[in-house]
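Take a look at the structure below.
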Amino acid sequence: WGIYIKMKFKEDAVLYVVYKALKEYGYGKIDRLQVVKILYLLDKTLKEITGEKLSDYTYILERLGPYDQNIVVDLTKLVKSGKLNTTESYYEYILGNIDEDDEKKIKEVEKVILQMGSEIITKIKEIFELGKNSSQLLDTVHALKEVKGKNRMEIILD
72 WGIYIKMKFK
82 EDAVLYVVYK
92 ALKEYGYGKI
102 DRLQVVKILY
112 LLDKTLKEIT
122 GEKLSDYTYI
132 LERLGPYDQN
142 IVVDLTKLVK
152 SGKLNTTESY
162 YEYILGNIDE
172 DDEKKIKEVE
182 KVILQMGSEI
192 ITKIKEIFEL
202 GKNSSQLLDT
212 VHALKEVKGK
222 NRMEIILD
């Protein structure tokens, strides 16, 4: 493939996932578990196809599957900055004040993905569709060979 992602995303990747889920895929709201698992599946898929992840997160195996505490830190930063709002449940998010700079950041993440071709674009659509159902998303992630039978706290995607 020879595609190299020059800049690994963190907070912008989280914002991208939330924005796409809510604006393009019709999620009414998105919870923390959905954000983490969708981002994991995006990174895993991109790494399998291109050899590169989109984000700079390191996923370890936790009780509910792949997890990086820094994703939660970045979600919290996005809430504190007003870009995301929480619903009545602290763990569910809706869009807050997204300005032009935020939209540029989201488009930059998308541009990197679009450069990778139609196979990846199709897989990303599948991931976001799967993500609409939290229990199905969790079942799918838990069934992956990279997750199944691994020890907790083991790095599963770096």
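For what it's worth, our numbering labels the leading residue of the sequence shown as 72, then goes sequentially. By construction, the Cβ of each residue, glycine as well, lies at the ideal position given by its N, Cα and C atoms. Only a predicted model underlies this, so the values are computations on that prediction, with no experimental measurement involved.
- A distance below 8 Å separates the beta carbons of Val143 and Arg103.
- One thing to note: Thr158 has its Cβ within 8 Å of the Cβ of Lys100.
- Contact between Leu86 and Leu149 holds, since their C-beta atoms are separated by about 6 Å, short of 8 Å.
- Thr157: member of the beta strand (DSSP E) spanning 155 to 157, first to last residue.
- Segment contact: the stretch 184 to 195 against the stretch 109 to 124, three or more CB-CB distances shorter than 8 Å; contact assigned.
- Of the candidates Ala92, Glu133, Lys79, Glu133 places its Cα closest to the Cα of Gly220.
- The Cβ atoms of Leu208 and Leu201 sit closer than 8 Å to each other.
- Counted as a single uninterrupted DSSP element, the alpha helix (DSSP H) harbouring Ile191 occupies residues 189 to 202.
- Every beta strand (DSSP E) stretch that sits fully inside the stretch 74 to 139 and reaches 3 residues is listed by chain position as 130 to 133, 136 to 138.
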